[in-house]
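Participant:
2 protein chains.
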Amino acid sequence: METTQQAAGQQRPADQRRRELLEAADRVVLRDGPQASMNAIAAEAGITKPILYRHFGDKGGLYRALAKRHTDALLDALRAAVDAPAERRERVEATLDTYLAAIEARPQVYRFLMHPAEDTQPSEAGFDVGRHSAPLLRRLGEELAKVIYDRVDLGPGSEQLARVWGHGIVGMMHGAGDWWLSERPCSRAELVRCLADLLWGRLAAASDRAGGPGF
Amino acid sequence: METTQQAAGQQRPADQRRRELLEAADRVVLRDGPQASMNAIAAEAGITKPILYRHFGDKGGLYRALAKRHTDALLDALRAAVDAPAERRERVEATLDTYLAAIEARPQVYRFLMHPAEDTQPSEAGFDVGRHSAPLLRRLGEELAKVIYDRVDLGPGSEQLARVWGHGIVGMMHGAGDWWLSERPCSRAELVRCLADLLWGRLAAASDRAGGPGF
DNA sequence: TCTTGGGTGTTACTTGCGGTAACCGAAGTG
DNA sequence: CACTTCGGTTACCGCAAGTAACACCCAAGA
Numbered sequence: 001m002e003t004t005q006q007a008a009g010q011q012r013p014a015d016q017r018r019r020e021l022l023e024a025a026d027r028v029v030l031r032d033g034p035q036a037s038m039n040a041i042a043a044e045a046g047i048t049k050p051i052l053y054r055h056f057g058d059k060g061g062l063y064r065a066l067a068k069r070h071t072d073a074l075l076d077a078l079r080a081a082v083d084a085p086a087e088r089r090e091r092v093e094a095t096l097d098t099y100l101a102a103i104e105a106r107p108q109v110y111r112f113l114m115h116p117a118e119d120t121q122p123s124e125a126g127f128d129v130g131r132h133s134a135p136l137l138r139r140l141g142e143e144l145a146k147v148i149y150d151r152v153d154l155g156p157g158s159e160q161l162a163r164v165w166g167h168g169i170v171g172m173m174h175g176a177g178d179w180w181l182s183e184r185p186c187s188r189a190e191l192v193r194c195l196a197d198l199l200w201g202r203l204a205a206a207s208d209r210a211g212g213p214g215f
Numbered sequence: 001m002e003t004t005q006q007a008a009g010q011q012r013p014a015d016q017r018r019r020e021l022l023e024a025a026d027r028v029v030l031r032d033g034p035q036a037s038m039n040a041i042a043a044e045a046g047i048t049k050p051i052l053y054r055h056f057g058d059k060g061g062l063y064r065a066l067a068k069r070h071t072d073a074l075l076d077a078l079r080a081a082v083d084a085p086a087e088r089r090e091r092v093e094a095t096l097d098t099y100l101a102a103i104e105a106r107p108q109v110y111r112f113l114m115h116p117a118e119d120t121q122p123s124e125a126g127f128d129v130g131r132h133s134a135p136l137l138r139r140l141g142e143e144l145a146k147v148i149y150d151r152v153d154l155g156p157g158s159e160q161l162a163r164v165w166g167h168g169i170v171g172m173m174h175g176a177g178d179w180w181l182s183e184r185p186c187s188r189a190e191l192v193r194c195l196a197d198l199l200w201g202r203l204a205a206a207s208d209r210a211g212g213p214g215f
C-alpha cells in the first residue's frame, strides 16, 4: 500500500468514498452475481472488510444502497417509456420493452436486484411473513399503480384496482422476463407483442379450441 | 438384488426413512422458513447431519426433494381448478383463488418454494446467467401453457403465444400474490376479481381519464 | 465359531462467510 | 510535545455447509 500522497488535505468527503465503494461493489456484483461476498467487494475496492461495515452497517445495508441506485435508474427509464406521448398500447409495449432490454443487458445485476441473497435475519418473533423478495418489484408495482390510477378511468374502486393491476402487471413482466431470459424462446419484440396481447384481452376474446372438451 | 422382504427385521426400506426425514424437514421449514439449517432439520428428525447428507447429497438435494413434494401437491390442486367443468372466466378465477389460498395458508412454505435459499454453488466458469429463482414458477408456467395451448384457439403461432402467456400469467399471480400477502390490502375474492378483470382486457377497454393526458 | 460386510449412527473436524474488537499510523491542533 | 481522530489493518468469533473417520448392529459364509 503506497501512502496516499494527497497534495493538500483533500479530505474526500466520505460521500465520495461511499460512491467509490458502491462502484466497486457494482463491478463485483456484475461479475459474481448476487452471491458476491463482502471480502470480494472489499478486495475489489482495494481495502478490507471493516471499512465496508463502517460505511454500510451490514451486508443488507450495502445491498440496499446498491439496489437503490439501479432501481432508480431503471425506474427513470420506465417512467420515460410509460409517459411517452403515444397511444396506450404503444406506451405499454414501450414499457415492457424497456424493462426487458434492461434485464437483457445486465442479467447479473438483474438477478442481484431480484434475489438480494436472503438476509438471514434472526427475525425475533418469527412471524415476519411479510418481508419477501425484492423491494424493486414493490416499487415498480406501486409506481405503475400510480400511473394507471392517474391516467386510466376505471370507475368505482379504481384505486384498489389500479394497485392490484400495477403489481399484477409488474409480476407478469418479471415472470415472463425471467423465463425468457433463461430460455430465449423468441425475440424481445415478439415477447413484447405477446404480453401486450395478453393485457389486451386476447385470452378472453379467443374461442375454445375446435373439437371442444366436453368439460 | 433380492426383492425379498425381510419380514422379521423391521429394516425400514430406506425409502420410508427418506420420507420421515422429509417430514421432519417440512416441519422445520414450516417453522423457520427458507433459512432452515441442516443442523436444525437433523435435530428435528432426531439424528445428525451426515445422515441427511447420505440421503440427499447436499442441501440443494434436500431442498429439491422437499420442493418437489409441495410443488406436486400445489400443481394437483391447480390442475383440478383449471380443468373444472365451467366457463373459462370461472375456471381462471378458481385457479387464481386456489393458488392464493395455498400461499395464504402456509406462507413459510411458500417463501421456501419461491426463494430456495440461493445454492451458493461455485458455478465454475461464472456465467451461469440462466439459472434463476424458483423451479416452481417454471413448472407452473409450463403447465399453464400446456392447458392454454390445448384448450384455447389462438390461431397461428399459438404455441409460442401460449408459452408466453403461461409464464406471464403465472408471474402475474405470483407478483400480485406476493404483494397481497404482505400488505393484505383487500380480501382474496376481491383480488381474484381484479386480476381476472385484468386478464379480461379491462385495461384496454377503459377510457383515458377525464381531463386527458396533455403529455 | 469367527469373521466379514453393509446398514445404522456418531463425534469431530475443515472451510468459508458475515460481523466485530482491538490495534496502527499519519495527519491536524493546542 | 501530547492528544485526538480519522482511514486503515490484523486477528479473531460464531455459525452453517459439508466431510472424514470411527463405532455399532445384525445378517450371512467359510
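Chains as they are written, first to last, in UniProt numbering: chain Y, 1 to 215; chain L, 1 to 215.
Idealized CB from N, CA, C, for every residue including glycine.
All values derive from a computational prediction rather than experimental measurement.
1. So Arg-111 of chain Y and Gly-33 of chain Y are supposed to be a Cβ contact under 8 angstroms. How far apart are they, rounded?
2. What number of angstroms, rounded off, separates the C-alpha of Ser-158 of chain Y from the C-alpha of Glu-44 of chain Y?
3. Which same chain residues end up closer than 7 angstroms to Glu-143 of chain L when comparing Cβ atoms and leaving out the 5 residues on each side of it in sequence?
4. Applying a beta-carbon distance threshold of less than 7 angstroms, which residues of chain L neighbour Gly-46 of chain Y?
5. Does the CB of Ala-101 of chain L have a neighbour CB from chain Y at under 7 angstroms?
6. Please tell me whether, using a cut-off of 6 angstroms, the distance from the CB of Lys-59 of chain Y to the nearest non-hydrogen atom of the ligand HEM is below it.
7. Ordered along the chain, which non-local residues of its own chain (more than five positions away) have a Cβ less than 8 angstroms from that of Asp-197 of chain Y?
8. Measure from the alpha carbon of Ile-51 of chain Y to the alpha carbon of each residue in Y:Arg-64, Y:Val-82 and Y:Ala-14, then state which is nearest.
9. May I ask which residues mark the beginning and end of the alpha helix (DSSP H) holding Gly-60 of chain Y?
10. Figure out for me which residue from L:Lys-49, L:Ser-182, L:Val-192 and L:Glu-20 has the closest Cα to the Cα of Arg-138 of chain Y.
11. Take Met-114 of chain Y and list the residues in its own chain whose beta-carbon comes closer than 6 angstroms to its own, dropping the five residues that flank it on each side.
12. Can the beta-carbon of Ala-81 of chain Y be found less than 7 angstroms from the beta-carbon of Ala-94 of chain Y?
13. Only counting runs of 4 or more residues, tell me where the alpha helix (DSSP H) segments fall wholly within the segment 122-201 of chain Y, in order along the chain.
14. Can you tell me the Cα-Cα spacing of Asp-72 of chain Y and Leu-96 of chain Y, whole angstroms?
15. Counting Cβ pairs, one atom from each stretch, are 3 or more of them under 8 angstroms apart for the segment 164-183 of chain Y and the segment 166-179 of chain L?
16. Distance check for Ser-207 of chain L and Asp-83 of chain L, CA to CA, integer angstroms please.
17. Which residue wins for smallest C-alpha separation from Arg-79 of chain Y, given the options Y:Gly-201, Y:Ala-162, Y:Gly-141 and Y:Trp-179?
18. Going along chain L, which residues have a C-beta under 7 angstroms from Val-170 of chain Y?
19. Just by C-beta distance, which residues in the segment 181-206 of chain L are closer than 8 angstroms to chain Y?
20. Leaving out five residues on either side along the sequence, give the residues of the same chain with a beta carbon under 6 angstroms from the beta carbon of Val-147 of chain Y.
21. On a CA-only basis, which of Y:Ala-36, Y:Arg-188 and Y:Gly-46 is nearest Glu-20 of chain Y? Give me that one, please.
22. Give every residue of the same chain whose Cβ lies closer than 6 angstroms to the Cβ of Val-29 of chain L, excluding the five residues on either side of it in the sequence, and list them in chain order.
23. Need the endpoints of the alpha helix (DSSP H) that His-55 of chain Y sits in, please.
24. Over what stretch of residues does the alpha helix (DSSP H) that includes Ala-206 of chain L continue unbroken?
25. Are the CB atoms of Arg-193 of chain L and Asp-153 of chain Y within a distance shorter than 7 angstroms?
26. Take Trp-165 of chain L and list the residues in its own chain whose beta-carbon comes closer than 6 angstroms to its own, dropping the five residues that flank it on each side.
Facilitator: Quick look at the numbers:
1. About 5 angstroms; that satisfies the 8 angstroms criterion.
2. 49 angstroms
3. Leu-75
4. Correct list: empty, because the minimum Cβ distance to chain L is about 21 angstroms.
5. no
6. Looking at this structure, you won't find the ligand HEM or any other ligand, since it has none at all.
7. none
8. Y:Ala-14
9. 59-82 is the extent of the alpha helix (DSSP H) around Gly-60 of chain Y.
10. L:Ser-182
11. The beta carbon of Met-114 of chain Y lies closer than 6 angstroms to those of Ala-134 in the same chain, with the five residues before and after it left out.
12. Closer than 7 angstroms, so yes.
13. 135-151, 158-183 and 188-199
14. 17 angstroms
15. With the cut-off at 8 angstroms, the segment 164-183 of chain Y and the segment 166-179 of chain L touch.
16. Between the alpha carbons of Asp-83 of chain L and Ser-207 of chain L lies a gap of roughly 34 angstroms.
17. Y:Gly-141
18. Gly-175
19. Leu-181, Ser-182, Glu-183, Pro-185, Cys-186, Glu-190, Leu-191, Cys-194, Leu-195, Asp-197, Leu-198, Leu-199, Trp-200, Gly-201, Arg-202, Leu-203, Ala-204, Ala-205 and Ala-206
20. Within the same chain, Cβ atoms closer than 6 angstroms to the Cβ of Val-147 of chain Y are found at Val-82, the five residues on either side in sequence being excluded.
21. Of Y:Ala-36, Y:Arg-188 and Y:Gly-46, the residue nearest in Cα terms is Y:Gly-46.
22. Ala-36 and Phe-112
23. 49-56
24. No alpha helix (DSSP H) contains Ala-206 of chain L, which DSSP labels as neither H nor E.
25. no
26. Correct list, in chain order: Ile-148.
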